[in-house]
């Protein structure tokens, strides 16, 4: 094409695609990186794929790829504008938040609809510096993939006027005893308890009754359980 050797076309196309991607990223704004939603993710992957194809294609005119990238840019901007104007379409196009923990209890239906299992939830809580689910009042899974956490009142960050040195307690972790209907052998071992003790304390007749429990933790310091059930009706 134009008598230029393929190796030079690769160099030229790579520079042009990089520069055009930079311009598109500036137009879309920092949200493309900081708050990656489904549409942003799809657009980003598509733009990257088109740019990579453009950088190595020495047969087709480079402006074909620029046109395709421009179309994706326009569509992404349209989705953003429509989302601001219409809340229903915004939920359809970008999704809506899911409340995974409500008033200290895991919401199993919300967990399933978000395609998240209990271990994923516990991992995300640890990333937010909540190592004990008993400290969490509300947890909301945002459309961006981030987890927003509201701790229980006694776990909120302390300011200077709240400090009472005599009331400060040493941090401790609860033992995870049941996860998604299965007994955690390591959790029982750490608590130095047996399955019979567990069944007696939770009034479980057999392992079939475990299927309704999504998570159960045990605090050996207070000898208390915190149990989260899959069904809406919670046992006492």
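Numbering (our numbering), first residue to last: 1203 to 1438.
The beta-carbon is built from N, C-alpha and C at its ideal position, and this holds for glycine as well.
Everything numeric in this text was worked out from a predicted model, so none of it was measured.
Could you tell me the boundaries of the alpha helix (DSSP H) in which residue 1310 lies? 1310-1315
Could you say which of 1412, 1379 and 1409 lies nearest to residue 1420 if we only look at CA atoms? 1379
Could I get the ranges of all uninterrupted beta strand (DSSP E) runs contained in the segment 1371-1433, with 3 residues as the minimum, in chain order? 1377-1381, 1415-1421 and 1426-1431
Is the number of C-beta pairs between the segment 1333-1352 and the segment 1296-1313 that are closer than 8 Å three or more? yes
Which value, in whole angstroms, describes the spacing of the CA atoms of residue 1277 and residue 1318? 29 Å
Buried or exposed: which applies to residue 1273, given that a residue is buried once 16 or more other Cβ atoms fall within 10 Å of its Cβ? exposed
Does DSSP put residue 1301 in a helix, a strand or coil? strand
Mind checking whether residue 1397 and residue 1385 have CB atoms under 8 Å apart? yes
Tell me which residues share the same chain as residue 1430 and place their Cβ nearer than 6 Å to its Cβ, disregarding the 5 neighbours each side in the sequence. 1307, 1308, 1416 and 1417
Starting from residue 1343, follow its DSSP beta bridges and name the residues at the other end. 1300 and 1349
By the DSSP assignment, the alpha helix (DSSP H) with residue 1322 in it spans what residues? 1320-1329
Residue 1287 (DSSP reduced to helix, strand or coil): helix
Can you tell which of 1271, 1382 and 1281 has its C-alpha closest to the C-alpha of residue 1221? 1271
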